[in-house]
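J.: Reading the sequence shown from the start, the letters are residues 101 to 251 in the working numbering. What follows is a single structure, and I will ask about it in a moment.
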Amino acid sequence: MIRRVEGGLKVLLRTRFNARFEKIKLLNSGPEIWIVYLGDRIKYEIPAYMNPRSHLDEGNYTEAAPGVRRISSARKKLRRLILIVAAVILFIVMRQVMNPFGDKEYAEIPHGNHVHYVPKDRDHSVPLSRFPTEPPAENERILPDGRVVPK
């Protein structure tokens with residue numbers, strides 16, 4: 101609904117997203133008037149083509165262009181994508197920090213040019229050189245003192 105007021109035009113437009121009327125700011129851009137909806141942090145540009153013979157009063161409505169173009173939808177999607185990727189990376193990092201062993205009963209600790217396999221419940225008084233340099237077989241396990249025994 102368009103109404104002539106002092107200093108210009110006052111527009112009330114019923115939006116698709118809610119039933120209340122929103123005030124719209126009019127911007128002149130040549131022969132047509134662009135109505136820019138500046139609510140809910142989303143910006144819409146609706147080209148409103150005015151009939152020059154129409155009188156501007158309570159009963160006249162503007163015809164919106166066939167498509168309503170969202171200006172910030174790409175930026176909003178990019179922001180959501182970045183937040184999702186950051187959340188996934190944070191989840192992976194926190195999972196690794198909270199459970200460094202994963203599903204294994206032992207950890208691989210690099211030591212020079214070889215790797216020692218150390219159990220989760222390792223005795224820290226036992227030197228690292230006493231632990232095996234090959235992973236235990238399916239039916240074996242590593243004791244806290246470094247010995248490999250059958251399960």
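Just so you know, even glycine gets a beta-carbon here, dropped at the ideal spot from N, CA and C.
If you measure from the CB of proline 227, is any heavy atom of the ligand GTP nearer than 8 Å?
T.: In terms of ligand content, the structure shown is empty, and the ligand GTP therefore cannot be addressed.
J.: When you compare the stretch 215 to 234 with the stretch 190 to 199, are there three or more beta-carbon pairs, one atom per stretch, that lie closer than 8 Å?
T.: Cβ pair count under 8 Å is below three, so no.
J.: Please tell me whether serine 225 and histidine 211 are closer than 9 Å, where the distance is taken between their beta carbons.
T.: The residue you call residue 225 lines up with position 125 of the sequence shown. The residue you call residue 211 lines up with position 111 of the sequence shown. Going by C-beta atoms, serine 225 is not nearer than 9 Å to histidine 211.
J.: Taking just the CA atoms, how far does leucine 183 sit from isoleucine 189?
T.: One-based indexing of the sequence shown puts residue 189 at position 89. One-based indexing of the sequence shown puts residue 183 at position 83. Cα to Cα, the separation comes out at about 10 Å.
J.: Between the Cα of proline 244 and those of Asp223, Pro232, Asp203 and Arg179, spot the shortest distance and give me the residue it belongs to.
T.: Within the sequence shown, the letter at position 144 stands for residue 244. Of the listed residues, the one whose Cα sits closest to proline 244 is Asp223.
J.: According to DSSP, alanine 207 sits in a beta bridge with which residue or residues?
T.: The residue you call residue 207 lines up with position 107 of the sequence shown. According to DSSP, which records beta bridges pairwise, alanine 207 is partnered with Val218.
J.: Here's the rule: buried if 16 or more other CB atoms are within 10 angstroms of the residue's CB, otherwise exposed. What is isoleucine 192?
T.: On the sequence shown, residue 192 is found 92 positions in, with the first residue counted as 1. By the neighbour-count rule (16 or more Cβ atoms within 10 Å), isoleucine 192 is not buried but exposed.
J.: Suppose you measure from the CA of asparagine 239 to the CA of arginine 179; what does that come to, to the nearest Å?
T.: Taking the first residue of the sequence shown as 1, we reach residue 239 at position 139. Taking the first residue of the sequence shown as 1, we reach residue 179 at position 79. Asparagine 239 and arginine 179: Cα-Cα distance of roughly 50 Å.
J.: Going straight from the alpha carbon of lysine 176 to that of threonine 233, what length do you get?
T.: Sequence index remark: in the sequence shown, residue 176 carries index 76 (1-based). Sequence index remark: in the sequence shown, residue 233 carries index 133 (1-based). C-alpha separation (whole angstroms): 51 Å.
J.: Would you call glycine 202 buried or exposed, if buried means 16 or more other Cβ atoms sit within 10 Å of its Cβ?
T.: As a working note, residue 202 is residue 102 in the sequence shown. With fewer than 16 other Cβ atoms within 10 Å, it is exposed.
J.: According to DSSP, is valine 226 part of a helix, a strand, or is it coil?
T.: Position 126 of the sequence shown, counting from 1, holds the residue named residue 226. Correct three-state label for valine 226: coil.
J.: Please classify isoleucine 242 as buried or exposed, where buried requires at least 16 neighbouring CB atoms within 10 angstroms.
T.: The residue labelled residue 242 in the question sits at position 142 within the sequence shown. Flag for isoleucine 242 reads buried.
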